[in-house]
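Below is one structure, written out as C-alpha cells; comments come after it.
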Amino acid sequence: MDAATLPRDRTRPEADAAARAAGAAPAGSTADAEWVDRLLGDPLLGGGLPEAAEAELKAASLAYADSAVAEAHLKAAQALAPGHVAVLIGLYRFYFYKGRLAQALAVARECLVTAGRSNNFSTDWREVRATDADFSSYEALKPRFFLFTLKGYAYLQMRLGDLQEGRAAATKLMQLDPSDKIGARLLLDVADRAEAAQAEPDADG
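Position one of the sequence shown corresponds to residue 0 (numbering that gives the first Met the number 0), numbered consecutively onward.
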C-alpha cells in the first residue's frame with residue numbers, strides 16, 4: 000500500500016479526524032477559529048497588514064468558489080504583504096481545502112520559518128526545544144502558532160506519503176507539548192495504522 004492512501008480505507012476515520020485537527024490554518028472548530036482571530040490581532044504577528052492586502056484577502060474569501068479568481072486575490076495579497084501571517088494563513092487554508100496539499104505543505108514550511116523567527120528560536124523545527132518558549136500556555140500566541148503550524152506540516156507530510164517525516168514532526172510536537180493540547184497523539188496513531196496496513200501482505204498476493 001502506498002502511504003499516499005493514508006486518509007483512505009481503514010485509516011479513514013482517524014485521518015479525517017487528523018485533518019480536522021491539522022492546525023494553524025485548517026482549524027475548523029470554533030475554538031481554533033477564535034484562536035486564529037486572536038493571533039491575527041497580535042501586533043507582532045497579525046498587525047501591520049496593509050489595507051490593500053486586507054482587501055485582497057477579503058476578496059479571495061468572497062470568490063472562494065472560483066478557484067482561479069480567489070487564488071489571484073491571494074497572490075496579490077502575498078505581493079503586497081509577503082510573509083505576513085494573515086496572508087500565509089489565507090494561502091494555507093485555500094490550498095488545504097481545495098485539496099492542493101503539496102502547495103499547502105510549501106506554505107506550511109514558510110509558516111514554520113516565520114514562526115521560528117517570531118519566537119526567536121531556530122527556523123529548523125528539529126532544533127527547537129521545550130525550553131525555548133512557553134509551549135504549555137494557551138495564551139502564548141507565538142509559541143502556539145508554531146505548534147499549530149508544525150501539526151499541519153506533520154499531517155500534510157503523512158497525507159502526501161512521507162510517514163517518516165510526518166512521524167518525526169508529530170514526535171517533536173509531543174516533546175514540546177507533552178500534555179498534548181495540540182493533538183499530536185492522534186497524528187501518531189494515524190501513522191501507526193498506516194504503517195501497520197503497509198506491513199500486511201497483499202491480499203491478492
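Using N, Cα and C, we set each Cβ at its ideal position, and we do this for glycine too.
Under DSSP, the alpha helix (DSSP H) around residue i begins and ends at which residues?
i: Y154; result: 140-158
i: E199; result: No alpha helix (DSSP H) holds E199; DSSP gives it neither H nor E.
i: R108; result: 100-117
i: I181; result: First-last for I181: undefined, no H or E at that position.
i: R92; result: 84-96
i: S230; result: What is shown of the chain runs 0 to 204, which leaves residue 230 out entirely.
i: A51; result: 50-61
i: S66; result: 66-79
Return yes when the Cβ of residue j is within less than 7 Å of the Cβ of residue i, no when it is not.
i: A190; j: L162; result: yes
i: A52; j: A80; result: yes
i: G165; j: Q174; result: no
i: K150; j: I181; result: yes
i: L186; j: A169; result: yes
i: H72; j: E50; result: no
For the putative contact between residue i and residue j, defined by C-beta atoms under 8 Å, what is the C-beta separation to the nearest angstrom?
i: Y152; j: L111; result: 6 Å
i: A76; j: A59; result: 7 Å
i: V84; j: T122; result: Their Cβ separation, rounded to whole angstroms, is 15 Å, which puts V84 and T122 out of contact at 8 Å.
i: R125; j: K171; result: 7 Å
i: A183; j: D176; result: 7 Å
Answer yes or no: does any C-beta atom of chain C fall closer than 7 Å to that of residue i?
i: L186; result: Going by chain labels, chain C is absent from the structure shown, which holds only one protein chain.
Query raised in the report: Are the region 79-92 and the region 104-117 in contact at 8 Å, needing three or more beta carbon pairs?
Result: yes
Query raised in the report: Does the region 71-89 touch the region 131-139, meaning 3 or more C-beta pairs lie closer than 8 Å?
Result: no
**Report entry** Stretch-stretch touch, CB-based, cutoff 8 Å, three pairs: the region 111-118 with the region 64-81
**Finding:** The region 111-118 and the region 64-81 do not touch, with fewer than 3 CB-CB distances between them shorter than 8 Å.
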